[in-house]
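Protein chains: 2
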Amino acid sequence: MEVVTTVQEMRQAVARARAAGARIGFVPTMGALHEGHGALVDASVAECDVTVVSIFVNPLQFGPAEDFHKYPRDLEADKAFCQARGVDFIFAPSEKEMYPEPPRAFVEVEELTAGLCGAFRPGHFRGVTTVVTKLFHIVMPDVAYFGQKDYQQLAVIRRMVDDLNFPVEIRGVPTVREADGLAMSSRNRYLNPEERRAATALYRGLTAAKALLEQGERNADRVRQRVREELAKEPLVREQYVEVVDADDLSQVSYIDGRVAVAVAAFVGTTRLIDNIVFDPSAERTE
Amino acid sequence: MEVVTTVQEMRQAVARARAAGARIGFVPTMGALHEGHGALVDASVAECDVTVVSIFVNPLQFGPAEDFHKYPRDLEADKAFCQARGVDFIFAPSEKEMYPEPPRAFVEVEELTAGLCGAFRPGHFRGVTTVVTKLFHIVMPDVAYFGQKDYQQLAVIRRMVDDLNFPVEIRGVPTVREADGLAMSSRNRYLNPEERRAATALYRGLTAAKALLEQGERNADRVRQRVREELAKEPLVREQYVEVVDADDLSQVSYIDGRVAVAVAAFVGTTRLIDNIVFDPSAERTE
Chain S
1 MEVVTTVQEM
11 RQAVARARAA
21 GARIGFVPTM
31 GALHEGHGAL
41 VDASVAECDV
51 TVVSIFVNPL
61 QFGPAEDFHK
71 YPRDLEADKA
81 FCQARGVDFI
91 FAPSEKEMYP
101 EPPRAFVEVE
111 ELTAGLCGAF
121 RPGHFRGVTT
131 VVTKLFHIVM
141 PDVAYFGQKD
151 YQQLAVIRRM
161 VDDLNFPVEI
171 RGVPTVREAD
181 GLAMSSRNRY
191 LNPEERRAAT
201 ALYRGLTAAK
211 ALLEQGERNA
221 DRVRQRVREE
231 LAKEPLVREQ
241 YVEVVDADDL
251 SQVSYIDGRV
261 AVAVAAFVGT
271 TRLIDNIVFD
281 PSAERTE
Chain B
1001 MEVVTTVQEM
1011 RQAVARARAA
1021 GARIGFVPTM
1031 GALHEGHGAL
1041 VDASVAECDV
1051 TVVSIFVNPL
1061 QFGPAEDFHK
1071 YPRDLEADKA
1081 FCQARGVDFI
1091 FAPSEKEMYP
1101 EPPRAFVEVE
1111 ELTAGLCGAF
1121 RPGHFRGVTT
1131 VVTKLFHIVM
1141 PDVAYFGQKD
1151 YQQLAVIRRM
1161 VDDLNFPVEI
1171 RGVPTVREAD
1181 GLAMSSRNRY
1191 LNPEERRAAT
1201 ALYRGLTAAK
1211 ALLEQGERNA
1221 DRVRQRVREE
1231 LAKEPLVREQ
1241 YVEVVDADDL
1251 SQVSYIDGRV
1261 AVAVAAFVGT
1271 TRLIDNIVFD
1281 PSAERTE
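Sequences listed follow chains S and B, in order. Our numbering puts the first residue of the first sequence at 1, with every later residue one more than the last. Our numbering puts the first residue of the second sequence at 1001, with every later residue one more than the last.
Spelled out as structure tokens, the structure:
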């Protein structure tokens, strides 16, 4: 495994691999790697000849009041994690390498970013789509892997890739959960033990919603209400949103007659967590 | 020469050329080709192994009151023009091929698009940067050629490519002019004979500005005033703007101590024309 820190070296490394006929898989991350990232890496290593993991805490996707400065950074642990999983290249550029000048060019996806997290994190998705565009142009992967845990991000990236004809395939990888159901997240390490216990309310809410849906409930408000009941049981948990949205365009749904995502965001103490499930009434199967 | 109309065929044609080791040159156009485009094509044919010319009148870069519907279209003449110049591929997609869904993802360059044409054509540069992003992703050229006649467009594209790490080199090609100095433009064909004569006022203004600058004038307002005097002599010409801007970031300049562009936009009858010169006080040379 090689750790690369400049755009030029990364381009050269990938160009060599591509010239040798390799299929390039790419997993963009902000580091602080956990088993959720592990599932993305495993998928890439299984499907591609060369796997590149980027580790870059992107300032552009954090709001001024958000946790950019305290976001966990542990490059040594991340290196060991990637090495053990068969990653070929880590791309770990500095902020100066990624933004040598104050950025003026941005990629924006409209409508899909208006609701859910986008409504509470103005500029967040613009930061994500802009940095992913840069990373795609640097790595030029054949396939890129994103977690379903960040459901809106995955939908936004898919739309960006389709609309702008990026020559890359996007794969969504199912959410990896702790034994008690909490979705893996780098931010889970902010939680104290009491908060950590309370944080399972998100999954319990989604599990209750799933049960309702599988029993045939199609009224989105009743599904949302069921999630809220579970969140309300935990005094440490403060809901930010519970929404039922079209699984592709993320528009709000009132009657469920197609594939939907049930998505939740909540503060547990001062830590903001998100989670979701996807339900397809025709398949009668919940992801 | 081959004329390709689908994204998939274009990708395959370029992939074959690239696999054979070819350097790919790209000239994006809206068709109605003239000697200005010819200079771009000639540069590409001279420097690259394979030249792709796209011909697509991009609705996204026209305002609702602009000339999208009457914009000249003549694919047969354009084919003959490209064939004669040694073009390898024309990419001439339909609107449906380029925008199968209403677009939600856009590329935007801020600040550089606020002034000059951007101030009078809201959304124009967003349309340009978005379609050029799409075309770059489809063609994946090594080098792309843009005319200096559309000076702001060239500066905006350069900034987009730098900021977003597009793996492409951008070449600016000097403006090609008619014998009387009028900058070549597909829109010149809108002019009636009287307007055609009056239209030389833009170049006469810029030529007068150039003479002033070469005599040592460094006050931008006096340079602008000189251009205006020439425009004012023609009753058929109505100035939209005359600006002196930094040649790279396009910010307004009052005292000229670095490379600047003197840029003008004016209506001649109902036809909007633009032109510019670049002046570098250290080189004492005007482009």
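C-beta atoms are modelled at their ideal positions from N, C-alpha and C, and glycine is treated no differently.
Proximity of chain B to Arg196 (chain S) at the Cβ level (cut-off 7 Å) is not reached, the minimal Cβ distance being about 37 Å. At least one beta carbon of chain B lies nearer than 8 Å to the beta carbon of Arg11 (chain S). Pro28 (chain S) sits in a strand when the DSSP states are folded into three classes. In this structure, S:Asp142 is the residue among S:Ala265, S:Arg158 and S:Asp142 with its C-alpha nearest to the C-alpha of Glu47 (chain S).
Counting the other CB atoms within 10 Å of its CB gives Gly1216 (chain B) a total below 16, which places it among the exposed residues.
DSSP places Ile1090 (chain B) inside the beta strand (DSSP E), whose first and last residues are Phe1089 to Phe1091. Residue contact with chain S for Glu1097 (chain B): absent (no Cβ-Cβ distance below 8 Å to any residue of chain S). For Ser1044 (chain B), the enclosing alpha helix (DSSP H) starts and ends at Glu1035 to Glu1047. Judged by DSSP in its simplified three-state form, Leu182 (chain S) adopts coil rather than helix or strand. Contact between Met10 (chain S) and Val139 (chain S) is confirmed by a C-beta separation of about 6 Å, below the 8 Å threshold.
Taking 8 Å as the cut-off, the beta carbon of Ala201 (chain S) is found closer than this to the beta carbon of Lys233 (chain S). The C-alpha of Arg1228 (chain B) is placed about 42 Å away from the C-alpha of Lys134 (chain S). When secondary structure is reduced to three states using DSSP, Glu1234 (chain B) falls in the coil class, being assigned neither helix nor strand. One finds Arg104, Ala105 and Phe106 in chain S with Cβ atoms closer than 9 Å to the Cβ of Val1109 (chain B), taken in chain order. Of the candidates S:Ile277, S:Val168, S:Phe81 and S:Val173, the residue whose Cα lies closest to the Cα of Ala208 (chain S) is S:Ile277. The beta-carbon of Asn1058 (chain B) is placed no less than 8 Å from the nearest beta-carbon of chain S. Asp1162 (chain B) sits in a helix when the DSSP states are folded into three classes. For a cut-off of 8 Å, the C-beta gap from Ile1024 (chain B) to Val1050 (chain B) is around 5 Å, short enough to register as a contact. Across the stretch 156 to 189 of chain S, CB contacts with chain B closer than 8 Å involve Arg159, Met160, Asp162, Asp163, Leu164, Asn165, Phe166 and Pro167, in sequence order along the chain.
Look at the beta carbons and you see the stretch 248 to 258 of chain S touching the stretch 101 to 119 of chain S: at least three pairs across the two are nearer than 8 Å.
Residue environment: Gln152 (chain S) is assigned as buried (16 or more neighbouring CB atoms within 10 Å of its CB, all protein chains considered). Residue-level contact check: Thr1133 (chain B) touches chain S, since one or more beta carbons of chain S fall below 8 Å from its beta carbon. The beta carbons of Ser1282 (chain B) and His1034 (chain B) sit no closer together than 8 Å. Contact annotation for Leu112 (chain S) against chain B: Arg1104 [CB-CB distance below 8 Å, chain order].
Ranking B:Gln1012, B:Val1161, B:Val1014 and B:Phe1056 by CA distance to the CA of Asp1074 (chain B) puts B:Phe1056 first.
Residues of chain S whose Cβ lies closer than 8 Å to the Cβ of His1137 (chain B) are, in chain order, Leu164, Asn165, Phe166 and Pro167.
Residue contact with chain B for Val7 (chain S): present (Cβ-Cβ distance below 8 Å to some residue of chain B). For Met1030 (chain B), no chain S residue has a Cβ inside 8 Å of its Cβ, as the nearest lies near 18 Å away.
The stretch 171 to 185 of chain S and the stretch 257 to 265 of chain S do not touch, with fewer than 3 CB-CB distances between them shorter than 8 Å. Setting aside the 5 residues that flank it on each side, Gly118 (chain S) is surrounded in the same chain by Phe125, each with a C-beta closer than 6 Å to its C-beta; the list follows chain order. The continuous stretches of alpha helix (DSSP H) do not include Ile1256 (chain B), and DSSP gives it neither H nor E.
Bridge pairing for Ser54 (chain S): S:Pro28 and S:Phe91 [DSSP]. For Met1140 (chain B), the chain S residues whose C-beta falls within less than 7 Å of its own C-beta are Pro167, listed in chain order. Classified as buried, Ala183 (chain S) has 16 or more neighbouring CB atoms from the shown chains inside 10 Å of its CB. Counted as a single uninterrupted DSSP element, the beta strand (DSSP E) harbouring Val1004 (chain B) occupies residues Glu1002 to Val1004. Listed in chain order, the non-local C-beta contacts of Tyr190 (chain S) below 6 Å within the same chain comprise Thr271, local neighbours out to five positions each way being set aside.
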